[in-house]
DNA sequence: CTAATATCTCTAGTGACTAGAGGATCAAGG
DNA sequence: CCTTGATCCTCTAGTCACTAGAGATATTAG
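Protein chains in written order, with our numbering: chain A, 1 to 146; chain B, 147 to 292.
Here is the structure:
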């Protein structure tokens, strides 16, 4: 038997046990074996899929994108171009987020520099945060999901 | 009267009406005037606080950090050092996220390059995502709240 | 054999909102 | 003055991707 229980699968894939069950609930990882006493058993391919999900999540793909990729995976006759498109969309998003965070970083650094650890009512951080006019950058993109 | 209703406040601060009510519900913005017919009225200081909240959120501070800063603000005799600390902690977090996203970007670019638009079962995206060993970077930090 | 650990299902909570129902109130045009 | 449409009120429920806990059963180590 190469099959493992959920706890072992959790360790092997570095996904928490409840999260694996959650992924099952939302249909990301389909039926696997169960023992006579109803315990989940995972084989190599399930573990691979879990690793795939984990890695994709770490890369910031949302569940829908992962679901799409899994569906494509299940139909290998389809073109890779679709997955490529998903990845490209995501890359654009990642670039947007990097740019945004760099702006945030600049502004935070500037704020912190201005703070001389005096009294709060002289604190430039609060001042800056209250007055958007002092902000040199657009931050609206930060409302995007991460 | 310099006081404005919630709709006007929403426009002035660029925070949506239900979000302003939500901020009230969680205690970020305290009692303001109400009209006889129970409508919320916001004055200059409330508008400033709302702008402060919005700007801080845009910079990625979470509600707890904002609450902490507001509490410090309410005690202006306290040292600015605490606010400075919050900002510095946040800056470290932002830096961590930038580094992580850059790693993600590298891998995505690599994946897209490797994808030859052929069949999915030859596509490196799925391959790479399944095999964490091919990943040159740590991504675990991405699980951090954003 | 017993005690600790692991698993099961189920429900509810998280953060930071967002959406919608159903009703009251207000401002403007006729 | 009256009606119409916009705005406001409260309340509940939904979102995403989990996370936590209760209470029951099953497995494993000593």
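Quick reminder that beta carbons are idealized off the backbone N, C-alpha and C, glycines included.
- Of the residues 152(B), 248(B), 233(B), the one whose Cα lies closest to the Cα of residue 107(A) is 233(B).
- Closest option to residue 189(B), judged by alpha-carbon separation, among 226(B), 244(B), 158(B): 158(B).
- In this structure, the beta-carbon distance from residue 166(B) to residue 196(B) falls below 8 Å.
- Taking a contact as a CB-CB distance under 8 Å, the pair residue 95(A) and residue 176(B) does not count as one, their CB atoms being some 40 Å apart.
- Under the Cβ criterion of 8 Å, residue 250(B) is counted among the residues facing chain A.
- Annotation: residue 62(A) is outside any alpha helix (DSSP H) and is labelled neither H nor E by DSSP.
- Of the residues assessed, residue 57(A) falls on the buried side of the cut-off, its CB having 16 or more other CB atoms within 10 angstroms.
- Here residue 174(B) is near residue 216(B), since their CB atoms are less than 8 Å apart.
- Bounds of the alpha helix (DSSP H) holding residue 23(A) are 17-25.
- For residue 161(B), the closest of 199(B), 148(B), 172(B), 187(B) by C-alpha to C-alpha distance is 199(B).
- The Cβ of residue 191(B) sits no closer than 8 Å to any Cβ of chain A.
- Taking the C-beta atoms as reference points, residue 185(B) is found nearer than 8 Å to residue 151(B).
- Looking at the backbone, the Cα of residue 24(A) and that of residue 172(B) are separated by about 34 Å.
- Contact of residue 244(B) with chain A is assigned, a C-beta pair being separated by under 8 Å.
- In the DSSP annotation of this structure, the continuous segment of the alpha helix (DSSP H) that includes residue 235(B) starts and ends at 227-260.
- Closer than 8 Å to the CB of residue 158(B) there is not a single CB belonging to chain A.
- Taking 8 Å as the CB threshold, residue 112(A) lines the interface with chain B.
- Looking at the backbone, the Cα of residue 67(A) and that of residue 237(B) are separated by about 34 Å.
- Counting the other CB atoms within 10 Å of its CB gives residue 206(B) a total of 16 or more, which places it among the buried residues.
- Look at residue 179(B) here: in three-state DSSP terms it is strand.
- Residue 40(A) has 34(A) as its beta-bridge partners, per DSSP.
- Here the C-alpha atom of residue 37(A) lies approximately 22 Å from the C-alpha atom of residue 45(A).
- Across the structure, residue 22(A) and residue 114(A) are spaced so that their CA atoms are roughly 46 Å apart.
- A distance below 8 Å separates the beta carbons of residue 102(A) and residue 244(B).
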